[in-house]
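Written out below as structure tokens is the structure these notes cover.
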Ligand code: 0O2
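Numbering (the UniProt record's numbering), first residue to last: 32 to 250.
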């Protein structure tokens, strides 16, 4: 009956979304372990904060519409790689790359895509290191690979991005020119603060003035 079909679809949707939640949980555990271990081993904390969110089904469908793709479980799986999202806030830019390196070096983590908006900021000034990774989730039916988007950024980048995000939605994606210019300018100030803070930190710890620069660059 139609009712049975509706129930079946509901159950399939729940199963579909649940896998992303599990993938997110796996990544959060990995990051939390790194964070705790760093604290114990080096009395140093490269991670300030970890947050996560599961994209709502509504936002997933909106995104599919914007991309002009007909939503189905298969097309969503193939096109929306940020259903599971984990955000890592670090104090310093070098920590962002260090966390990315440590996570992607793990055997069960497969890198699908790297978007380095730190080395190559977006036109509006947005900076962040995005990793789309795939991780196996072990269910009663076996291992299922799940894509998780990991956004790694500094506190300054995060501060900027959260305000920009609010403004973007307040103006329904049509931000007035003058505000855009001020935002881009503020992004420059944030990037400059990051550079100064990193220098200070390195000076205090007797490290070379410039950090190594061999992080991911693909955009
Ligand atoms: P929300 O509301 O945060 O979920 P692609 O995946 O390649 O088709 P997409 O999704 O634009 O294209 O990829 P990208 O550029 O990596 O952006 C993914 C996410 O990064 C966004 O998710 C935002 O969270 C964040 N982001 C990207 N650009 C900006 C920006 O200019 N400002 C801010 N504040 N955040 C940004 P969503 O789904 O677009 O939005």
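The beta carbon of each residue, even a glycine, is placed where N, CA and C say it ideally should be.
Quick caveat: nothing in here was measured; it's all calculated off a predicted structure.
Anticipated Cβ contact below 8 Å, residue i with residue j, distance rounded
i, j, result
"residue 263", "residue 155", "Absent from the model: residue 263. The displayed extent of the chain is 32 to 250, so no value can be given."
"residue 103", "residue 81", "In fact, because the Cβ distance is near 32 Å, the residues do not count as touching under 8 Å."
"residue 115", "residue 85", "6 Å"
"residue 55", "residue 179", "6 Å"
"residue 94", "residue 111", "6 Å"
"residue 162", "residue 181", "4 Å"
"residue 124", "residue 185", "6 Å"
Where residue i sits in the DSSP three-state scheme
i, result
"residue 173", "strand"
"residue 195", "helix"
"residue 107", "helix"
"residue 229", "helix"
"residue 160", "strand"
"residue 143", "strand"
"residue 215", "helix"
"residue 112", "coil"
"residue 206", "coil"
- Report yes or no: do three or more beta-carbon pairs, one from the stretch 134-151 and one from the stretch 203-217, lie closer than 8 Å? Contact check between the stretch 134-151 and the stretch 203-217: fewer than three CB pairs, one atom from each, fall below 8 Å, which does not count as touching.
- Quick one: which unbroken alpha helix (DSSP H) runs of 4-plus residues sit fully inside the stretch 32-86? Chain order, please. Fully enclosed alpha helix (DSSP H) runs of 4 or longer: 33-73.
- Query: Does the pairing of the stretch 41-57 with the stretch 93-103 give three or more beta-carbon distances under 8 Å?
  - Reply: In short, these stretches do not touch, since the Cβ pair count stays below three.
- Message: Between the stretch 186-199 and the stretch 166-178, can you find at least three pairs of beta-carbon atoms closer than 8 Å?
- Response: Three or more beta-carbon pairs separated by less than 8 Å are not found between the stretch 166-178 and the stretch 186-199, which leaves the two stretches without contact.
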